[in-house]
Amino acid sequence: MDNLKQLIEACVFAADSPLSLDRLSSLLEHPRAEIRPLVEELQREYNDSGRGIELVSVSGGYQFRTPVELSPWLRKLNRERPGKFSRAAMETLAIIAYRQPVTRAEVEYLRGVDSGGVMKTLLEKNLIKVLGKKDVPGKPLMYGTSRQFLELFGLPSLNELPTLKEFSSLDEELAEAVPLTPETEV
Amino acid sequence: MDNLKQLIEACVFAADSPLSLDRLSSLLEHPRAEIRPLVEELQREYNDSGRGIELVSVSGGYQFRTPVELSPWLRKLNRERPGKFSRAAMETLAIIAYRQPVTRAEVEYLRGVDSGGVMKTLLEKNLIKVLGKKDVPGKPLMYGTSRQFLELFGLPSLNELPTLKEFSSLDEELAEAVPLTPETEV
Amino acid sequence: MAFEIQLENFSGPMDLLLHLIKSNEMDVYDIRIVEITEQYLQVIEQMKLLDLDIAGEFLLMASTLLHIKSRMLLPVSEEIEEEEGEDPRAELVKRLLEYQRYKEVAELFQQLPQLDRDVFSNCLTAAELISGEELEDAQIVASVYQLAEALRVLIKERPPEVFHEVIQESLSVAVYIERILEKLTSARRLALRDFFSERLSRSEIVVTFLAMLELVKMRMVNVEQVKEFSDIWLSLAVPVEELSASTSEESLGYG
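Protein chains in written order, with our numbering: chain A, 17 to 202; chain B, 17 to 202; chain C, 148 to 402.
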């Protein structure tokens, strides 16, 4: 049914965050089994042909995004630029991503620095969230990464985080795929 | 040049407002005369074939939108979105979560506005529930949060609800590290 | 040996330490503690000479290093060995190794394609993309944290008020709605903070805040925040001519 494919395309396009198969299924009142092959068909159409829009799997859902290789042109497009992450922020984010659920004290032990300010910033940016309280004296809060974290880095799920061992090799691949144009002070 | 068409597609897609031929021309450093036929080609591809996305001309520029006839389906997209609340709902939910059991009058006292509508919505969404009647004249209903509330915010139990104090501790340490204004000696 | 080192280039003492170990081509598993401690202290000293504030964490690490150094120089008594394990460096090494992993991941994260930096999605809201759709309520995506935070910050900035002084002032939301609209009529667009002058009392802040929420609910005011951390901006969502008609006290239901 062609109309269903059209609807899927429109929904994924109009949604303001990645749409999961489950949500598509409940929105369009069709079983996942009918929707999945159509999504895959759309992915083939968009991703195979040097188009300006790709249909990617991210954060447990589907979303249209532009291909990485076009980024130099697209950066000029919108006035609002995202803030760059400080090294402290990235380090903290990495620790939280891999060790979640993790307390502030654990993060600070590893980094050797007070990390309250950085963690507050990450909370405000919605990149991390409170998962609960740890069942130890003082009941400290435990933190983990959020859906927005996956969206930011285009990760389909937390399982897709680069494994700690493999990153040195992955590094090289990435360096090839994305020539590290030294951020010419945008 | 196919790559130019790809770039046009990506730019129109990612722009935060409709893109005019002039803007496209200056962004992509190609004359309008080269860009226009490619835009028209894209329009034919998108608009002729019952797709879920259309390339339309709006306010002097081009923009991707969904076809009008699909809007009844897409409207549900906004409304059903879980975890997206108006400020009023968020505020009410926070009050109920932290002060439960709480009556409607108490919520309204704290918020300073009528909250019947918001609370009805929260009841319909199963995020709050009636806990019983308060033993005061008039026997008003008392409300609290539901299991769905915990699920939505990913909390194992109400005990894990972070206190405001805990959040602000992230702040205080920051203030200590960087004394901004010597408050004591003013 | 001259050090061209600036403390602020390091995200913390672990980072500095790792840098020293690497530039001395040492094995993390076998740190030459005397050498490293000396160099570390030199860096700190230089910073002191330049009269730079050295964060406590850097000093804490210095004392940890000194402690390890002294333990390594002293003959090990059995008691201490039982208490702290064989190699006084062991814990630090473990921390360094783990820290190093995350430091590398952090660098990898920097290289991953980032949304809005390397890849882009359509950044408009659903209401703008769906043809034939009127703009829905200006809804704000937020967690409980964001909301509580907004209010807390506003209240925190006030000087403490005297308690027990119950002022039964009738602060009417409607009056504050009028004030906000007046300001917005002349200025068109104002930052949220512009509405909270120094002189406002706590209750006035709350009422002003409520008035804003009410205006957003009535779709008379747009609230926007162009990016994280930037100011929140308010602007009129309706033509000025329509204002007087819609905000009389009765229509709001506030007496």
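Note that CB positions come from ideal geometry on N, CA and C, so glycine has one too.
Residue i, buried or exposed, once every other Cβ within 10 Å from all chains shown has been counted against 16
i, result
"A/Asp151", "exposed"
"B/Leu23", "buried"
"B/Pro47", "exposed"
"B/Gly148", "exposed"
"B/Leu35", "buried"
"C/Arg236", "buried"
"A/Ala191", "With a pLDDT of 33 at A/Ala191, under the threshold of 50, the modelled position of that residue is not reliable, and the figure given next carries that caveat. A/Ala191 should be labelled exposed."
"C/Leu163", "buried"
"A/Lys141", "buried"
"B/Glu96", "Note on B/Glu96: pLDDT 49, under 50, position unreliable in the model; the coordinate value appears next. Label assigned to B/Glu96: exposed."
"C/Leu301", "Summary for C/Leu301: the model assigns pLDDT 49, below 50, so the residue's position carries little reliability, and this model does not support an answer."
"C/Pro260", "buried"
"C/Arg336", "exposed"
"A/Gly76", "buried"
"A/Lys136", "buried"
"C/Leu106", "As shown, chain C starts at 148 and ends at 402. That puts residue 106 of chain C outside it, with no answer to give."
"C/Leu383", "buried"
"A/Asp32", "buried"
"C/Lys195", "exposed"
Within chain E, partners of residue i - CB distance below 9 Å
i, result
"B/Leu157", "Note that chain E does not occur in the displayed structure, where the protein chains are A, B and C."
Where the beta strand (DSSP E) containing residue i begins and where it ends
i, result
"A/Tyr159", "Leu157 to Thr161"
"B/Gln79", "Gly77 to Arg81"
"A/Val13", "No answer is possible for residue 13 of chain A: the residues shown for chain A start at 17 and end at 202."
"B/Leu177", "Counting along the chain, B/Leu177 falls outside any beta strand (DSSP E), and DSSP gives it neither H nor E."
"B/Ser131", "It is not in any beta strand (DSSP E) - B/Ser131 carries neither H nor E in the DSSP assignment."
"C/Ser382", "Trp380 to Leu383"
Closest residue to residue i among the options (Cα-Cα distance)
i, options, result
"B/Val72", "B/Thr108, B/Val28 and B/Leu157", "B/Val28"
"B/Leu157", "B/Asp64, B/Pro117, B/Leu174 and B/Leu177", "B/Pro117"
"A/Lys100", "C/Gln257, C/His214, C/Leu383 and C/Thr332", "C/Gln257"
"A/Thr12", "A/Thr119, A/Asp130 and A/Gly133", "This structure cannot speak to residue 12 of chain A, because chain A is shown only from 17 to 202."
"C/Phe342", "C/Ser217, C/Trp380 and C/Ile178", "C/Trp380"
"A/Lys145", "A/Met135, A/Pro153, A/Tyr159 and A/Gly154", "A/Tyr159"
"C/Gln247", "A/Trp89, A/Leu126 and A/Pro172", "A/Leu126"
"C/Ala202", "C/Arg349, C/Gln153 and C/Arg335", "C/Gln153"
"B/Pro88", "A/Lys155, A/Tyr78, A/Glu50 and A/Ala26", "A/Ala26"
"C/Val385", "C/Lys216, C/Thr332 and C/Arg340", "C/Thr332"
"B/Leu20", "B/Gln79, B/Ser33, B/Leu44 and B/Arg39", "B/Leu44"
"C/Ile180", "C/Phe267, C/Ser210 and C/Met194", "C/Ser210"
"C/Phe267", "A/Gly77, A/Arg39, A/Asp64 and A/Arg91", "A/Arg91"
"B/Pro178", "B/Glu122, B/Ala113, B/Leu168 and B/Thr137", "B/Ala113"
"A/Phe80", "B/Ala30, B/Phe165 and B/Leu139", "B/Ala30"
"B/Val134", "B/Thr108, B/Pro153, B/Tyr78 and B/Glu61", "B/Thr108"
"C/Tyr323", "C/Arg346, C/Leu167, C/Ala334 and C/Thr355", "C/Thr355"
"C/Leu165", "C/Ile191, C/Leu220, C/Arg242 and C/His214", "C/Arg242"
"C/Asn369", "C/Lys169, C/Lys250 and C/Leu328", "C/Leu328"
"C/Glu185", "C/Met208, C/Leu244, C/Leu357 and C/Asp174", "C/Met208"
First and last residue of the uninterrupted alpha helix (DSSP H) at residue i
i, result
"C/Ala209", "Gly203 to Leu220"
"C/Ala338", "Unbroken run through C/Ala338 is the beta strand (DSSP E), Arg336 to Ala338; no alpha helix (DSSP H)."
"C/Lys364", "Arg349 to Lys364"
"A/Ser73", "A/Ser73 -> not in any alpha helix (DSSP H); beta strand (DSSP E) instead, spanning Glu70 to Val74."
"B/Asn63", "Arg48 to Asn63"
"A/Leu109", "Arg103 to Arg115"
"C/Lys169", "Pro160 to Ser170"
"C/Tyr187", "Ile180 to Leu196"
For residue i, three-class secondary structure by DSSP
i, result
"C/Val291", "Because the pLDDT of C/Val291 is 42, which lies under 50, any placement of that residue in the model is unreliable, and the number read from its coordinates should be weighed accordingly. C/Val291: helix per DSSP, three-state reduction."
"C/Asp234", "coil"
"A/Ser33", "coil"
"C/Val370", "strand"
"B/Leu86", "helix"
"A/Leu147", "strand"
"C/Leu259", "coil"
"C/Asp265", "coil"
"B/Val118", "strand"
"C/Asp341", "helix"
* Short-range partners of chain A found in the segment 39-62 of chain B, where Cβ spacing is below 8 Å -> Leu43 and Leu44
* the segment 115-127 of chain A: which residues have C-beta closer than 8 Å to a C-beta of chain C, in chain order? -> Tyr125, Leu126 and Arg127
* Asked: Given a limit of 7 Å on CB to CB distance, which residues of the segment 244-261 of chain C reach chain A?
  -> When C-beta distances to chain A are compared with 7 Å, the residues of the segment 244-261 of chain C below that value are Glu245, Tyr246, Arg248, Tyr249, Lys250, Glu251, Val252, Ala253, Leu255, Phe256, Gln257, Gln258, Leu259, Pro260 and Gln261, in chain order.
* Asked: What residues in the segment 319-336 of chain C bring their beta carbon closer than 8 Å to a beta carbon of chain B?
  -> Within the segment 319-336 of chain C, the qualifying residues are Val320.
* To do: Pull out every residue of the segment 18-39 of chain B whose Cβ sits closer than 7 Å to any Cβ of chain C, in chain order.
  => The residues in question are Phe29, Ala30 and Asp32.
* With 7 Å as the limit, tell me which residues of the segment 201-216 of chain C have their beta carbon closer than that to any beta carbon of chain A; keep them in chain order. => Glu204 and Met208
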